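Here the structure comes first, spelled out in structure tokens, and everything after it is commentary.
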Amino acid sequence: MKRLLPKRSTQTRVSRLDHPMGEVRVQRKSIRHLYLRLDPADGSLRVNAPRRVSDRAVRAFVTSRAGWIEEQRRKLANRPPVITEGQLPNRLHLFGEEHALVWHDDSTPRGQVRQEPGTIRVHSAGVEQGQALLREHCRREFKRVLDHRVPHWADHMALPRPETRIRRMRSRWGTCNIQARRIWLNLELVRLPVEAIDLVIVHELAHLVERGHNARFYGVMDHAYPEWRRWEPTLSEYGIIGL
2 MKRLLPKRST QTRVSRLDHP MGEVRVQRKS IRHLYLRLDP ADGSLRVNAP
52 RRVSDRAVRA FVTSRAGWIE EQRRKLANRP PVITEGQLPN RLHLFGEEHA
102 LVWHDDSTPR GQVRQEPGTI RVHSAGVEQG QALLREHCRR EFKRVLDHRV
152 PHWADHMALP RPETRIRRMR SRWGTCNIQA RRIWLNLELV RLPVEAIDLV
202 IVHELAHLVE RGHNARFYGV MDHAYPEWRR WEPTLSEYGI IGL
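Adding 1 to a residue's 1-based position in the sequence shown gives its number in the working numbering.
This is how it looks when you write it as structure tokens:
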């Protein structure tokens, strides 16, 4: 499965505001409250805000958190050195939420990955080990979600629970082996909101009912997951980047 409908516009708006504490990156989305976090890579400010909140209200919110911001920046200044190789990404979405990726040059042979709110820290002895550790962390997190979501949708669609496997794919979000009743899901789905992951799961399960992409197939999808069209553009927005 790659795409189902034409791409639509993104559901969030991003802007930047000047503030005495530093430039603030503001992402407006369908939420009720303001949320502030620091980018661990450089201490910059990021705010998630409801769509209708004014710039003035965002600035006041940041000002009210000045003490917390200063404390967090002091902590960042005392953190271990960060790997700076250009080929390492500094951002990663997990289940639709953006996380800062912080790479620590660590001599620990096995290395480790630590996930904090808004941040993923990779401690490794080099680039290759760090990338492998991050990929394995993503695989574990994805499996944790699939172990719940696939049975949920199979039961909802009155289907036997299929064998489910994860693998890296260059051009597809998922595939289905109808004879073996096995579905494969792209590891990169871990970056998407759970609702978009559900879309791919339902799509592959629908192939266990109808092999082709015909009216019956889409009828199965509409009956099982009426909101699937809302989330289809998300697949195009995120794309497959080669995690």
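Here a beta-carbon is modelled for each residue, glycine too, at the ideal position from N, C-alpha and C. Since the model is a prediction, treat every value here as computed from it, not as a measurement.
{"Item": "So for Gly-175, helix, strand or coil by DSSP?", "Value": "strand"}
{"Item": "Going by DSSP, which residues form a beta bridge with Leu-186?", "Value": "Ile-167, Gly-175"}
{"Item": "Within this structure, are the beta carbons of Arg-57 and Gln-28 separated by less than 9 Å?", "Value": "no"}
{"Item": "If you draw a straight line from the C-alpha of Thr-176 to the C-alpha of Ala-155, how long is it?", "Value": "16 Å"}
{"Item": "For a test of the three-state rule: what should DSSP assign to Pro-152, helix, strand or coil?", "Value": "helix"}
{"Item": "Does the beta-carbon of Thr-235 have 16 or more other beta-carbons within 10 angstroms, so that it is buried, or is it exposed?", "Value": "buried"}
{"Item": "Within 10 Å of its beta-carbon, does Thr-165 have 16 or more other beta-carbons around it, so buried, or fewer, so exposed?", "Value": "buried"}
{"Item": "Determine, using beta carbons only, whether Ile-179 and Arg-217 come nearer to each other than 9 Å.", "Value": "no"}
{"Item": "Terminal residues of the continuous alpha helix (DSSP H) containing Leu-77?", "Value": "67-78"}
{"Item": "Thinking C-beta only, is Val-15 closer than 9 Å to Val-63?", "Value": "no"}
{"Item": "In this structure, does DSSP put Leu-95 in helix, strand or coil?", "Value": "strand"}
{"Item": "Quick check: is the beta carbon of Asn-178 nearer than 9 Å to any beta carbon in chain B?", "Value": "Of the chains in the structure shown, none is chain B; there is only one protein chain."}
{"Item": "Quick one: grab the DSSP three-state call for Arg-1.", "Value": "Because residue 1 is not part of the residues shown, which for the chain are 2 to 244, the question remains open."}
{"Item": "Looking only at C-alpha atoms, which of Arg-33, Trp-69, Asp-40 sits nearest to Arg-53?", "Value": "Arg-33"}
{"Item": "So, using beta-carbon positions, are Pro-161 and Val-151 closer together than 9 Å?", "Value": "no"}
{"Item": "Between the alpha carbons of Arg-122 and Leu-209, how many angstroms are there, rounded?", "Value": "40 Å"}
{"Item": "What do you get for His-100, buried or exposed, if any count of 16 or more other CB atoms within 10 angstroms of its CB means buried?", "Value": "buried"}
{"Item": "Decide if Ser-125 is buried, meaning its Cβ has at least 16 other Cβ atoms within 10 Å, or exposed.", "Value": "buried"}
{"Item": "Taking the beta carbon of Ile-202 as the centre, do at least 16 other beta carbons fall within 10 Å, making it buried, or is it exposed?", "Value": "buried"}
{"Item": "Mapping the DSSP letters down to three states, classify Asp-106 as helix, strand or coil.", "Value": "strand"}
{"Item": "Is the CB-CB distance between Ser-55 and Gly-23 below 9 Å?", "Value": "no"}
{"Item": "Closer than 7 Å by C-beta to His-157: which residues in its own chain qualify, once you throw out the five before and the five after it? Chain order, please.", "Value": "Ala-225"}
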